[in-house]
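Structure record follows, encoded as structure tokens.
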Amino acid sequence: MADNLEPVTESELTTDHWLTHAQQLTVIAIERAHATTVFPVRWKSIISKLESVPTNLSDLASHPCFLKNMLCRETLQSVASTLSEAIDLAERCESSDVVRHGKLQMQSGIDSLATKLDLNLRDCALLVKTGVLSDATVPVVSAPGLVVASVPVLNQQLNVGELLVRLHIGNAEAKHRVIDSLLEVIREDEKSVLSVFSRSSILAMIQLLSAGKPKVREKAATIICLLTESASFETLLVSEGVLPPLIRLAESGSLVGREKAVITLQRLSMSSDAACAIVRHGGIRPLIDICQTSDSVTQSAAAGALKNLSVLPKVRQSLVDEGIVKVMINLLDCGTVLGSKEYAAECLKNLTATNDHLRQFVITEGGLKSLLTYLNNSIPQEAAVGALRNLVKSVPVDSLLLFGLLPCLVHVLKEGVLCTKQAAASVIYKVSGSAEVKKLVGEFGCIPLLINLLEAKSTGARVAAAQAITIVMSCPQNARELKKDEKSIPNLIQLLDPSPSNTTKKYAIACLLMLSSSKKCKKLMVSHGAIGYMKKLSEMEVSGSKKLLERLERGKLRNLFSRQ
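First residue of the sequence shown? That's 1 in the UniProt record's numbering, and the numbers climb one at a time after it.
Right, dumping it as structure tokens:
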């Protein structure tokens, strides 16, 4: 270093002192660099960078927050350190060190110097041009002390805004320490920290996700995973390019990194635009592989992401081409957690929603048997019954009975939640085409369960139950069971609301017409107000209402004359 520079004690220097010190070092470094004759091409590039330093230092010094923010002091310290290295390296190039250490080592040192200068220049420009100094000066949430590249330990506490700025500046080691501090602060006050993330902070986090050591990527994935819990960040994350590095991390990251990446992909894939982008960036294959090999949490998240992708009709064939059908069926059979099985069933439901070819393929691969087994051995899920409802369209009834369809439907009608019961009633309606099946429906105990479903608050469930009862009661045995059940007629009459939005009334009328051959049933209908409903429905010309009204009034007149 130059002889005219006084010894510098870092702890005693203010920001202004560091600025002066860096400016002095710049002059000396440029002089030394110009004097070198070894590796002229490399040093010419170094000189160009050194000559840019004064302008960057001047711009930084003119910022209103120059003296208010520790970031300026640290940046100047880093610049001074690099300049000192440049001076020492230039002096070594003109000494016997080149011979003693070898040209390759010296070239490597010059290249490393060039990288550090680029980093310093970029950091100075970022602090000046992006406004981050102003953001970082406003305290938000306190964070623990932070170790930075060229500074042993900061004694003052840093605010979150400043931590986020540090994601942009310094070397990889410094950023690693920053992300450790961010995670510590997030553990203390997650909501406050995440609320101050900006577009530039997210971009910096994505850059850390795709570069650096595995531990850094893992920690960046953890923070990004937390960000996706807030819907306000999803669009920004995708637009800033988070998907490709997430997919790569899901393919080959550490166990924790893969888990966080896949959970994030699952959350982001709920958006149709993000789901299409995941497919476009090659995300299907890694997710399918994870479904077959990973632990329960990651496996469930991967299955959930694939389920979200299967919602999009234009993506379904790509999923099938990658082998998703076999994988989802295997999850139904062998999934390690219930969540995986649920997602697999919903995925199969989506795949078979409109495409008969895919229905046949799922059946051929054993999907029907796996669905029935799953439904019988667990609390029935709507997705599994929905998938079953799609598949019964493409399977002969005899095969369905052979696989044990009716016991499964009884289990669903008894144990399922309302939406699963509705789906089960729809399946009964679809398969009850023959007299044999209708008889079996009654023998397996479905009739009382369908009658109970008529009381459901859900219109869809009432419609499904009424449809199923209408079709199966043409079997005399089932009709007799309906007549015996005390709740059947009251429940059916409750469905006669004449409002146009009530779609169950036509099914209720059809059932009541078939039951009206019984005197006991007609009396019950009259006592529960069926005649009043029929008069209104006749005026509306609802099918079957006039015929039922005539039967009820005829019976009423006969009863009147018999009493006289």
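For glycine and all other residues, C-beta sits at the position ideal for the given N, C-alpha and C. Just so it is clear, the structure is predicted and the values come from calculations on it, not from any experiment.
Proximity test, residue i beta-carbon vs the ligand FAD heavy atom, cut-off 7 angstroms
| i | result |
| --- | --- |
| Ala508 | Among the ligands in the structure shown, none appear at all, so the ligand FAD cannot be discussed. |
Alpha-carbon to alpha-carbon, residue j and residue i
| i | j | result |
| --- | --- | --- |
| Phe361 | Asp321 | 12 angstroms |
| Gly544 | Ser538 | 8 angstroms |
| Ala383 | Lys519 | 43 angstroms |
| Ala435 | Ala530 | 30 angstroms |
| Leu548 | Arg389 | 33 angstroms |
| Leu368 | Thr235 | 38 angstroms |
| Thr222 | Ile110 | 36 angstroms |
| Cys32 | Glu85 | Sequence inspection shows Arg at residue 32; the Cys mentioned does not correspond to that position. C-alpha separation (whole angstroms): 11 angstroms. |
| Ile179 | Ala466 | 60 angstroms |
| Ser142 | Leu163 | Any reading at Ser142 is ruled out, since the residue's pLDDT is 39, under 50, leaving its predicted position unreliable. |
| Lys326 | Arg166 | 47 angstroms |
| Ser501 | Leu495 | 12 angstroms |
| Cys408 | Leu372 | 6 angstroms |
| Ala275 | Leu319 | 12 angstroms |
| Val151 | Arg316 | Residue confidence is low: Val151 scores 33 on pLDDT, short of 50, so the model does not pin down where it sits. No coordinate-derived value is stated. |
| Val437 | Ala424 | 15 angstroms |
| Lys483 | Ile509 | 15 angstroms |
| Val542 | Ile493 | 15 angstroms |
| Val185 | Ile284 | 35 angstroms |
| Leu57 | Phe39 | 27 angstroms |
| Thr15 | Phe197 | 28 angstroms |
| Ser108 | Phe233 | 42 angstroms |
| Leu154 | Leu183 | At Leu154 the pLDDT is 33, less than 50, meaning the model places this residue with poor confidence and gives no usable figure here. |
| Glu346 | Lys307 | 6 angstroms |
| Ala80 | Ile47 | 16 angstroms |
| Thr75 | Leu19 | 10 angstroms |
| Cys521 | Ala464 | 23 angstroms |
| Gly91 | Arg217 | First, the amino acid is wrong: residue 91 is Glu here, not Gly. Using only the alpha carbons, I get a separation of about 39 angstroms. |
| Ser296 | Ile363 | 26 angstroms |
| Val337 | Ile451 | 34 angstroms |
| Gln443 | Ile469 | With the sequence shown as reference, residue 443 is identified as Glu, and Gln is not the correct amino acid for it. The straight-line gap from Cα to Cα measures roughly 14 angstroms. |
| Leu25 | Ile87 | 8 angstroms |
Environment of residue i [buried if 16+ CB atoms lie within 10 Å]
| i | result |
| --- | --- |
| Cys93 | buried |
| Ile379 | exposed |
| Ala35 | exposed |
| Val41 | exposed |
| Pro214 | exposed |
| Met106 | buried |
| Leu402 | exposed |
| Gln381 | buried |
| Arg122 | exposed |
| Met540 | exposed |
| Ser112 | exposed |
| Leu67 | exposed |
| Leu332 | buried |
| Cys334 | exposed |
| Ser192 | exposed |
| Pro245 | buried |
| Ser300 | buried |
| Lys129 | exposed |
| Lys314 | exposed |
| Ser426 | buried |
| Thr298 | buried |
8 angstroms contact criterion, which residue i and residue j should meet: CB distance rounded
| i | j | result |
| --- | --- | --- |
| Leu410 | Gly445 | The residue you asked about is not Leu; residue 410 is Val in the sequence shown. About 6 angstroms separates the two Cβ atoms, so the contact holds. |
| Asn171 | Leu209 | About 17 angstroms; that fails the 8 angstroms criterion. |
| Ile471 | Ser432 | 5 angstroms |
| Leu449 | Leu413 | 4 angstroms |
| His63 | Leu126 | 12 angstroms between Cβ atoms; not a contact. |
| Leu237 | Leu249 | Contact doesn't hold; Cβ gap of about 14 angstroms is too wide. |
| Pro498 | Lys536 | 4 angstroms |
| Ala461 | Lys421 | 6 angstroms |
| Gly323 | Gln266 | Not quite, the Cβ-Cβ distance comes to about 19 angstroms (not below 8 angstroms), so this is no contact. |
| Ser239 | Leu194 | Actually they are not in contact, since the Cβ atoms of Ser239 and Leu194 sit about 18 angstroms apart, beyond 8 angstroms. |
Residue of the options minimising C-alpha distance to residue i
| i | options | result |
| --- | --- | --- |
| Leu60 | Leu50, Glu51, Cys72 | Cys72 |
| Ser252 | Ile290, Ile278, Val242 | Ile290 |
| Arg199 | Ile186, Val242, Ala211 | Val242 |
| Ser527 | Pro490, Lys536, Lys506 | Pro490 |
| Met514 | Asn478, Glu486, Thr503 | Asn478 |
| Ser488 | Thr504, Thr503, Leu524 | Leu524 |
| Thr354 | Val392, Ser474, Val193, Gly339 | Val392 |
| Glu455 | Ala29, Thr504, Ile324 | Thr504 |
| Lys219 | Cys124, Glu415, Met205, Ser426 | Met205 |
| Gly161 | Met70, Val311, Thr115 | Met70 |
| Thr55 | Ser45, Val27, Cys65 | Val27 |
| Glu190 | Arg177, Ile224, His176, Gln207 | Ile224 |
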